[in-house]
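Colleague: This structure is in structure tokens; I'll ask about it shortly.
Number of protein chains: 2
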Amino acid sequence: MASTRIREARERDCADILRMIRELAKYEQLSHQVKISEEVLRADGFGENPFFHCLVAEVVPESGELQGQGIGTKIIKKVAEVALQKGCSQFRLAVLDWNKKAMDLYKSLGAQDLTEAEGWRSFRFEEEAMKEMAGC
Amino acid sequence: MASTRIREARERDCADILRMIRELAKYEQLSHQVKISEEVLRADGFGENPFFHCLVAEVVPESGELQGQGIGTKIIKKVAEVALQKGCSQFRLAVLDWNKKAMDLYKSLGAQDLTEAEGWRSFRFEEEAMKEMAGC
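Structural data, given as structure tokens:
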């Protein structure tokens, strides 16, 4: 098992966070959806009223291959711990239907596929539609 | 058309907000999922670092039937306006797959069904799974 420490993100992590957002989007074949910059990440996450909270996993690179070392499981467990501390009674994740590895992991940790079980679908309004609606 | 005013929610709206959350959940046949109380709504939405922001539509009850008067459209347009002001480049809604009226409305305003288009699914961890993961 890799040695992993999970901690709250700091403002100086934003360059790495953006890099990982881009790496994930590339894997998801959705690179064109990444519109955020490091500057906006800093402002949104580390201002007076943060829009998001973020955990960072520091992994000691012992053995080359990071897959299968339980890092994802550790992160999700930490999210559960933090969510309980904040008084949440549930938390949700969005996942692409071809990402079987991720779905299997979430299910093995006790998650339910709400799209399958209850019929939840996700709808997105993009900037163009928003501007039209707002009359800009 | 009904006369509608959309404004930021205030703390004293929480009883009405909870009533509407319960009415919506009943319509969605998901009443058992409503775990929040008025007290927690007040704390989460109107403390120092609010967990949520909320708009309230005040409708002058002119004609009995509220359906089909464009109130939903007005609310979504207001959300678009507020989201643009806050620097958002998109916003998302969750909708049940049998709620054709809602899906048709969102599509007519320019939304895309991401579950259909990109394959996004929603996964939920409930309190029991969270406690198990956190070792409580």
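Protein chains in written order, with my numbering: chain A, 1 to 136; chain B, 1001 to 1136. Note that the Cβ used here is the ideal one computed from N, Cα and C, for glycine as well.
Give the DSSP-derived three-state secondary structure of Ala57 of chain A in the structure shown.
Modeller: Within the first sequence, numbered from 1, the residue matching residue 57 of chain A stands at position 57. It is a strand residue.
Colleague: Return the chain-ordered list of same chain residues with a C-beta closer than 6 Å to the C-beta of Trp120 of chain A, the five sequence neighbours on each side being excluded.
Modeller: Mapped onto the first sequence, residue 120 of chain A falls at position 120. If we look at Trp120 of chain A and ignore the five residues flanking it on each side, its Cβ neighbours are Leu114.
Colleague: If we call anything under 8 Å between Cβ atoms a contact, is Phe1046 of chain B one with Glu1011 of chain B?
Modeller: Mapped onto the second sequence, residue 1046 of chain B falls at position 46. Mapped onto the second sequence, residue 1011 of chain B falls at position 11. It is a contact, given that the beta carbons lie within the stated cut-off.
Colleague: Would you kindly report the start and end of the unbroken alpha helix (DSSP H) that includes Ser108 of chain A?
Modeller: Here residue 108 of chain A corresponds to residue number 108 of the first sequence, with the count starting at 1. Here the alpha helix (DSSP H) through Ser108 of chain A covers Lys100 to Ser108.
Colleague: Starting from Gln1085 of chain B, trace the beta strand (DSSP E) in both directions and tell me its first and last residue.
Modeller: The residue labelled residue 1085 of chain B in the question sits at position 85 within the second sequence. It is not in any beta strand (DSSP E) - Gln1085 of chain B instead sits in the alpha helix (DSSP H) that spans Ile1071 to Gln1085.
Colleague: Is the segment 122-133 of chain A touching the segment 1016-1029 of chain B in the sense that three or more CB pairs, one from each, lie closer than 8 Å?
Modeller: no
Colleague: Do you know how far the Cα of Leu41 of chain A is from the Cα of Pro61 of chain A?
Modeller: As a first step, residue 61 of chain A must be located in the first sequence, where it is residue number 61. As a first step, residue 41 of chain A must be located in the first sequence, where it is residue number 41. Cα-Cα distance, rounded: 26 Å.
Colleague: Between Glu39 of chain A and Ala15 of chain A, which are expected to be in contact by the criterion C-beta below 8 Å, what is the C-beta distance as a whole number of angstroms?
Modeller: For the purposes of this step, residue 39 of chain A is identified with residue 39 of the first sequence, where counting begins at 1. For the purposes of this step, residue 15 of chain A is identified with residue 15 of the first sequence, where counting begins at 1. So it is not a contact: roughly 11 Å between Cβ atoms.
Colleague: Just checking my contact of Asp1013 of chain B with Val1079 of chain B at CB under 8 Å: how many whole Å lie between their CB atoms?
Modeller: Locating residue 1013 of chain B in the second sequence gives position 13, where the first residue counts as 1. Locating residue 1079 of chain B in the second sequence gives position 79, where the first residue counts as 1. About 17 Å separates the two Cβ atoms, so there is no contact after all.
Colleague: Please classify Ala1129 of chain B as buried or exposed, where buried requires at least 16 neighbouring CB atoms within 10 angstroms.
Modeller: In the second sequence, counting from the first residue as 1, residue 1129 of chain B sits at position 129. So Ala1129 of chain B counts as buried.
Colleague: At the 8 Å Cβ level, is Gly110 of chain A part of the contact set with chain B, yes or no?
Modeller: Your numbering for residue 110 of chain A matches position 110 in the first sequence. Answer yes: the Cβ-Cβ gap between Gly110 of chain A and chain B drops below 8 Å somewhere.
Colleague: Can you look up Gln112 of chain A in the DSSP assignment and give me helix, strand or coil?
Modeller: Translated into the one-based positions of the first sequence, residue 112 of chain A becomes position 112. Here Gln112 of chain A sits in strand by DSSP.
Colleague: Any beta carbon of chain B sitting closer than 8 Å to that of Leu41 of chain A?
Modeller: Taking the first sequence and counting its residues from 1, the one referred to as residue 41 of chain A is at position 41. False, the Cβ-Cβ gap to chain B never drops below 8 Å.
Colleague: On a Cα-Cα basis, can you pick out the residue from B:Asn1099, B:Ala1102, B:Ala1094 and B:Ser1089 that is closest to Lys35 of chain A?
Modeller: Locating residue 35 of chain A in the first sequence gives position 35, counting from the first residue. The residue from B:Asn1099, B:Ala1102, B:Ala1094 and B:Ser1089 with its alpha-carbon nearest to that of Lys35 of chain A is B:Ser1089.
Colleague: Do Lys107 of chain A and Ile6 of chain A have their beta-carbon atoms positioned less than 8 Å apart in this structure?
Modeller: As a working note, residue 6 of chain A is residue 6 in the first sequence. As a working note, residue 107 of chain A is residue 107 in the first sequence. No; because the gap between Cβ atoms is not below 8 Å, this pair is not in contact.
Colleague: Tell me whether Val95 of chain A sits in a helix, a strand or coil according to DSSP, three-state version.
Modeller: One-based indexing of the first sequence puts residue 95 of chain A at position 95. DSSP places Val95 of chain A in strand when its eight states are reduced to three.
Colleague: Alpha carbon to alpha carbon, what distance is there between Gln1112 of chain B and Ala1009 of chain B?
Modeller: Residue 1009 of chain B sits at position 9 when you count from the first residue of the second sequence. Residue 1112 of chain B sits at position 112 when you count from the first residue of the second sequence. In a straight line, the C-alpha of Ala1009 of chain B is about 28 Å away from that of Gln1112 of chain B.
Colleague: Do you know offhand how far Ser1122 of chain B's Cα is from Asp44 of chain A's?
Modeller: To locate residue 1122 of chain B, count along the second sequence from 1; it is residue 122. To locate residue 44 of chain A, count along the first sequence from 1; it is residue 44. When rounded, the distance between both Cα atoms is 24 Å.
Colleague: At 7 Å on the CB atoms, spell out the chain B contacts of Asp113 of chain A, in chain order.
Modeller: To locate residue 113 of chain A, count along the first sequence from 1; it is residue 113. The answer, in chain order, is Arg1121 and Phe1123.
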